[in-house]
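Colleague: What follows is a structure written as structure tokens; I'll ask about it next.
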Amino acid sequence: MINIKFPDGSVRQYESGVTALQIAESISPRLAADVIAAKVDDKVIEANRPITADATINLLKWDDEDGKHAFWHTSAHVMAEALQELYPGIQFGIGPAIENGFYYDVDPGDGVVIKESDFPAIEAKFMEIVGRKANLVREEVSKADAQKMFAERGENYKLELINDLQDGNITIYRQGGFFDLCKGPHLVNTGIIKAFKVTSVAGAYWRGDEKRKQLTRLYGISFPKKKMLDDYVTLMEEAKKRDHRKIGKELELFAFSDTVGKGLPLWLPKGTALRLRLEDFLKKIQKRFGYQQVMTPHIGNKVLYVTSGHYAKYGKDSFQPIHTPEEGEEYLLKPMNCPHHCEIYKFKPRSYKDLPFRCAEFGTVYRYEQSGELHGLTRVRSFTQDDAHIFCRPDQLLDEFLKVMDIISIIFNALDFKNFEAQISLRDPNNKSKYIGSDDVWEKAESAIVEACKLRGLPARVETGEAAFYGPKLDFMVKDAIGRRWQLGTIQVDYNLPERFGLEYVGEDNQKHRPVMIHRAPFGSMERFVAVLIEHTGGKFPLWLTPDQVAILPISERFNDYARKVAEQLEMEDVRVIVDDRNEKIGRKIRDNELKRIPYMVIVGEKEEQEGAVSVRRQGEGDKGTMSVSDFAKMINTEVDQMTKSFIK
RNA sequence: GCCGAUAUAGCUCAGCUGGUAGAGCGCAUCCUUGGUAAGGAUGAGGCCACGGGUUCAAGUCCCGUUAUUGGCUCCA
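Letter by letter, the first sequence follows residues 1 to 649 in my numbering.
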């Protein structure tokens, strides 16, 4: 007999060799029907694998991440089986479960293209296969056997994968006539899968290497109930309505013009109003944190970027240098603000008493992003960083870093970005040639970031090999409407540029010392931040930020003059208003302004004019009753003050 | 940059197996002057992305280019 411990702490005894499924059955038949897999001592295994020693068990259902993972992983195998039946001679790459579903990378053979129009056939074949309700059978095989099995099927990609595996822990899973190299875990039977959809097809390089062959990647998602798929499809459609590109057009925030050039956003009046308000908000916070605003040109002598090292690394893939009538003179559209700020630092000799020197600029930069990468406002070729560079003494570094973290936290709180993720990006120790600077300097910079996160209790994922070439960084990532992750705020520690630009300060000891630099951008870029803000709010911006706070709707044209008078009065009180004086009925005006997501509407007619009042409506809520114009102005301003008092002033 | 998809009026889209363009919204003019989510009439808008080709005939079929788009790679 063995002891099985459950998550609630209770312990039961079972015969050795018992399976998770049997354990579930011993508790309740309903539980047994829901069990997808099991976590036994932190290892996820099939629900029908014998357990032969004392263990802690967690029965995994669809609601458990690991359960879903097994479900989708098996689904990937079923999709592969379907593809094998539909496309004889197809070769398989890898087919993992991902955050929302799974994919399989396949090579359908020369000249064979899998297109969107083929999805229905794949889906039908998939459902046919799960209808066979095949059991998944796990087999441990030797490396030689595995090689033989996949060589017979002509699976060159699988053979390459097997080559990299250790003999002795190679497993394959069979279902019906199909088998795949896989370490599991899986469902016990494919029949549990009740709904499936191919979500998209895309190219993907084998092993993520753009020099190798591009395979066809099929994305899919599956569920244990048909309704769940329907719900998922509805959810995706809802999310698409929050797409910033769509809302940006509807609310006239920004636009693109082929004539201006791709990836070059045009900020329309409403979008500009929103952006400027965000910039003012940050400026106020920065002032409080001792920053000084600076301005620098949009171009700079190429020498600046040769010095910084950017030219060597990105020069060929950037907008090319601007030539002047002078022989040999070259300027670059600035891809970064830091070299300019270094020159500001160098303007005069600095004393240790002057540090930290924090200089901030909403600096527009130009980067020639690959054409396939451009995406709405989130990935563009011209964008404005809310950039600042802090030049400080090494002993001030940690404290300065923490202060930047505090600014980011103020901003994310103010805008209600709760579900951000923090990522520490470190250098890849196996590929140091990608980076500039000595080991010693990198170690100091990396440990400062790790230490800062520890002090603030910020849980951060650590990624090696993701650092900027001049230094490690801490990034704040936020998801968009359909779950894509975008980097917003960033803080980077840099000992290298001060070295390259020969930055110095005179210390207490009257000797020359080298400052440390922090690059930081809490929004990241105004473009990307606004894009993510649009998707988070669905275009319903908070009252303090929104371009138009109030729409005044006269009942008929007879009250247009009164409406304009009210507008003037409100404007005197710093309320942002528009007057809808179109020749339309009131119901129509309400509907149109609701759709424009204007937070407040006030209706004015005969009654209001006589009383010097307005009839108030809140967007999405409806009628709020009548009040005097001055009370209404007060109400708006109080609401704004309530929202902003915690983070502005 | 690579693989797939898409491109028709200002916007959202229809246009079947080829026979010289349609709707709704928006816009303009007129009627209507209204009380909390779409009042009515009339009208103006299209080198069907661009360039080639096949055909008696191309929005429709084929090729190329450009832009957009879903991924991959990249992201100072």
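For each residue, glycine too, the CB sits at the ideal point set by N, CA and C. Owing to the predicted nature of the structure, the values given are computational and were not obtained by experimental measurement.
1) Quick check on this structure: which residue in Tyr495, His536, Pro88, Lys249 has the alpha carbon closest to the alpha carbon of Glu238?
2) Can you say whether Val113 is buried or exposed, counting buried as having 16 or more other CB atoms within 10 angstroms of its CB?
3) So what does Phe102 bridge to, in DSSP terms?
4) Return helix, strand or coil for Ile598, following the three-state DSSP convention.
5) Measuring alpha carbon to alpha carbon, tell me which of Phe647, Ala551, Lys283, Lys194 ends up nearest Asp416.
6) Where in the region 417-493 do unbroken runs of the beta strand (DSSP E), each at least 3 residues long, occur, reported from the N-terminal end onward?
7) Out of Ile518, Phe559, Thr378, which one is the CA nearest neighbour of Asp243?
8) Sort Ile408, Ala563, Lys432, Asp280 by Cα distance to Pro651 and report the nearest one.
9) Since Thr644 and Met526 are thought to touch, with beta carbons under 8 Å apart, how far apart are those beta carbons, to the nearest angstrom?
10) For Ile491 and Glu343, what's the separation of their Cα atoms in angstroms?
11) Give the single residue among Glu466, Asn135, Ile436 whose Cα lies nearest to the Cα of Asp428.
12) Helix, strand or coil for Phe632 per DSSP?
13) Taking 7 Å as the cut-off, is the CB of Lys68 close to at least one heavy atom of the ligand ADP?
14) In the DSSP assignment, what are the bridge partners of Met517?
15) Val201 and Pro394 - do their beta-carbons sit closer together than 8 Å?
16) Please identify the residue among Ala273, Pro498, Ala551 whose C-alpha is closest to the C-alpha of Ile436.
17) Hey, Pro335 and Val365: beta-carbon distance below 8 Å or not?
18) Just how far apart, CA to CA, sit Ser382 and Gly263?
19) Could you say which of Thr272, Asp280, Leu333, Leu282 lies nearest to Asn301 if we only look at CA atoms?
20) Does DSSP put Thr384 in a helix, a strand or coil?
21) Please report the residue range of the beta strand (DSSP E) in which Pro554 lies.
22) So Ala80 packs on Tyr104, CB below 8 Å; how close in whole Å?
23) From the DSSP output, which residues share a beta bridge with Thr56?
24) Considering just the uninterrupted stretch of the beta strand (DSSP E) at Gln175, what are its terminal residues?
25) Residues in the same chain with beta-carbon distance under 6 Å from Ser16, minus the five sequence neighbours each way, listed in chain order, please.
26) Which residues does DSSP list as the beta-bridge partners of Gly336?
27) Spell out the partners DSSP gives Met627 in its beta bridges.
28) Which stretch, first to last residue, makes up the alpha helix (DSSP H) that contains Leu251?
29) Should Arg288 go down as buried or exposed, given a rule of 16 or more other Cβ atoms within 10 Å for buried?
30) Please confirm whether Pro547 and Leu161 have their CB atoms less than 8 Å apart.
31) Compare the C-alpha of Tyr600 against each of Asn637, Thr324, Ser556 and name the closest.
32) Hey, could you find the ends of the beta strand (DSSP E) Thr692 is sitting in?
33) Measuring only the C-alpha atoms, how far is Asp623 from Ser630?
34) May I ask you to report which of helix, strand or coil DSSP gives Asn413?
35) What would DSSP say about Gln293, mapped onto helix, strand or coil?
36) In the DSSP assignment, what residue or residues form a beta bridge with Ser200?
Modeller: To lay it out plainly:
1) Within the first sequence, residue 238 is the residue found at index 238, counting from 1. Considering only alpha carbons, the answer is His536.
2) Against the first sequence, residue 113 aligns to sequence position 113. So Val113 ends up on the exposed side.
3) Taking the first residue of the first sequence as 1, we reach residue 102 at position 102. Bridge partners of Phe102: Ala97, Gly220.
4) Position 598 of the first sequence, counting from 1, holds the residue named residue 598. Ile598: coil per DSSP, three-state reduction.
5) As a working mapping, residue 416 is identified with position 416 in the first sequence. That would be Phe647, whose Cα lies nearest to the Cα of Asp416.
6) For the beta strand (DSSP E) assignment, the uninterrupted runs of no fewer than 3 residues enclosed by the region 417-493 are, from N- to C-terminal side, 421-426, 460-464, 473-479.
7) As a working mapping, residue 243 is identified with position 243 in the first sequence. The shortest C-alpha separation from Asp243 is found at Thr378.
8) Limits of the chain in this structure are 1 at one end and 649 at the other, which puts residue 651 out of reach.
9) Position 644 of the first sequence, counted from the first residue, corresponds to residue 644. Position 526 of the first sequence, counted from the first residue, corresponds to residue 526. The Cβ separation is near 19 Å, so there is no contact.
10) If you number the first sequence from 1, residue 491 lands on position 491. If you number the first sequence from 1, residue 343 lands on position 343. Each residue's alpha carbon lies about 20 Å from the other.
11) As a position in the first sequence, residue 428 is number 428, starting the count at 1. When each option's Cα is compared against that of Asp428, the closest is Glu466.
12) Here residue 632 corresponds to residue number 632 of the first sequence, with the count starting at 1. Reduced to three states, the DSSP call for Phe632 is helix.
13) Absence of the ligand ADP is noted for the structure shown, with no ligands found whatsoever.
14) Reading the first sequence from its first residue, position 517 is the one you call residue 517. Looking at the DSSP assignment, Met517 forms a beta bridge with Phe391, Asp494.
15) Counted from its first residue, the first sequence places residue 394 at position 394. Counted from its first residue, the first sequence places residue 201 at position 201. Contact: no.
16) Position 436 of the first sequence, counted from the first residue, corresponds to residue 436. Taking only the C-alpha atoms, the option nearest Ile436 is Pro498.
17) For the purposes of this step, residue 335 is taken as residue 335 along the first sequence, with counting starting at 1. For the purposes of this step, residue 365 is taken as residue 365 along the first sequence, with counting starting at 1. The Cβ atoms of Pro335 and Val365 lie closer than 8 Å to each other.
18) For the purposes of this step, residue 382 is identified with residue 382 of the first sequence, where counting begins at 1. For the purposes of this step, residue 263 is identified with residue 263 of the first sequence, where counting begins at 1. C-alpha separation (whole angstroms): 7 Å.
19) Taking the first residue of the first sequence as 1, we reach residue 301 at position 301. Answer by Cα proximity: Leu333.
20) Stepping through the first sequence from its first residue, residue 384 is reached at position 384. The answer is strand: DSSP assigns Thr384 an E or B state.
21) Residue numbering aside, residue 554 sits at position 554 when the first sequence is read from its first letter. Bounds of the beta strand (DSSP E) holding Pro554 are 550-554.
22) Working through the first sequence from its first residue, we reach residue 80 at position 80. Working through the first sequence from its first residue, we reach residue 104 at position 104. Confirmed, Cβ separation roughly 5 Å.
23) Here the question's residue 56 lines up with position 56 in the first sequence. According to DSSP, Thr56 bridges with Lys5.
24) Position 175 of the first sequence holds residue 175. Note, Gln175: beta strand (DSSP E), 170-175.
25) Indexing the first sequence from 1 puts residue 16 at position 16. Contacts found: Ile2, Thr52.
26) Working through the first sequence from its first residue, we reach residue 336 at position 336. Residue 336 is actually Met in this sequence, not Gly. Note: Met336 sits in no beta bridge, so no partner.
27) What you label residue 627 is simply residue 627 of the first sequence in a count that begins at 1. Met627 is bridged to Val614.
28) As a position in the first sequence, residue 251 is number 251, starting the count at 1. Segment: none, Leu251 is in no alpha helix (DSSP H) and carries neither H nor E.
29) Numbered from 1 along the first sequence, position 288 holds the residue referred to as residue 288. Label assigned to Arg288: exposed.
30) By one-based count along the first sequence, residue 547 stands at place 547. By one-based count along the first sequence, residue 161 stands at place 161. Not in contact: Pro547 and Leu161 (Cβ atoms no closer than 8 Å).
31) Walking along the first sequence from the start, residue 600 turns up at place 600. The candidate whose alpha carbon is nearest that of Tyr600 is Asn637.
32) Beyond the ends of the chain as shown, which are 1 and 649, falls residue 692; an answer cannot be given.
33) Sequence index remark: in the first sequence, residue 623 carries index 623 (1-based). Sequence index remark: in the first sequence, residue 630 carries index 630 (1-based). For Asp623 and Ser630, the distance between alpha carbons rounds to 18 Å.
34) By 1-based counting over the first sequence, the position of residue 413 is 413. Helix, per DSSP.
35) Locating residue 293 in the first sequence gives position 293, where the first residue counts as 1. Residue state, collapsed to three classes: strand.
36) Counting from 1 along the first sequence, the entry for residue 200 is found at position 200. Ser200 is bridged to Tyr219.
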